[in-house]
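**Q** In my numbering, the protein residues as written are -10 to 100.
Got a structure for you, questions after.
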């Protein structure tokens, strides 16, 4: 039985956003591990962050630019990368069910 990975709310929200970024072929590519490497991690623009058609509040996406959150996901084997420039979402992170998608949150303004 696979080990259950426990993530707090901020880590879950951040992983959902990373999964969304990984699905964009313009900013991410396949990685040898079976994961996806995101080559452009968006930075906050005032009170929001935009990537593609998705716009979320900076508060919702704060984990993307928080090194402690980044390190916690690395320790749990969900991501690998060079903070804050490039991240590889490993297969376990791509398959992880966060229970939410970026577009299903009240912080999303793309829909």
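The C-beta atom is built at its ideal place from N, Cα and C for all residues, glycine as well.
None of these values were measured; they are calculated from a predicted model.
1) Looking at the unbroken alpha helix (DSSP H) that takes in residue 58, where does it start and where does it end?
2) Could you spell out where the alpha helix (DSSP H) holding residue 70 opens and where it closes?
3) Who are the near neighbours of residue 33 in its chain, counting only those whose CB is closer than 6 Å to its CB and skipping five residues on each side?
4) Where does residue 30 sit, in a helix, a strand or coil, going by DSSP?
5) Determine whether the beta carbon atoms of residue 77 and residue 70 lie at a separation below 7 Å.
6) First and last residue of the alpha helix (DSSP H) that includes residue -2?
7) Cβ of residue 3 within 7 Å of Cβ of residue 52?
8) Would you kindly work out how many angstroms separate the C-alpha atoms of residue -4 and residue 87, rounded to a whole number?
9) By the 10 Å Cβ neighbour count, where 16 or more other Cβ atoms means buried, how is residue 10 classified, buried or exposed?
10) Classify residue 79 as helix, strand or coil using the three-state DSSP reduction.
**A** On the basis of the data shown:
1) 56 to 64 is the extent of the alpha helix (DSSP H) around residue 58.
2) Element bounds for residue 70: not the alpha helix (DSSP H) but the beta strand (DSSP E), 68 to 71.
3) In chain order, 47 place their CB closer than 6 Å to the CB of residue 33, counting only its own chain and leaving out the 5 sequence neighbours on each side.
4) Taken through DSSP and simplified to helix, strand or coil, residue 30 comes out as coil.
5) Judged by beta-carbon spacing, residue 70 lies within the 7 Å limit of residue 77, meaning their Cβ atoms are closer than that value.
6) Run containing residue -2: -2 to 11, per the alpha helix (DSSP H) assignment.
7) A distance below 7 Å separates the beta carbons of residue 3 and residue 52.
8) When the Cα atoms are used, residue -4 and residue 87 turn out to be separated by approximately 9 Å.
9) Result: buried.
10) In this structure, residue 79 counts as coil in the three-state DSSP scheme.
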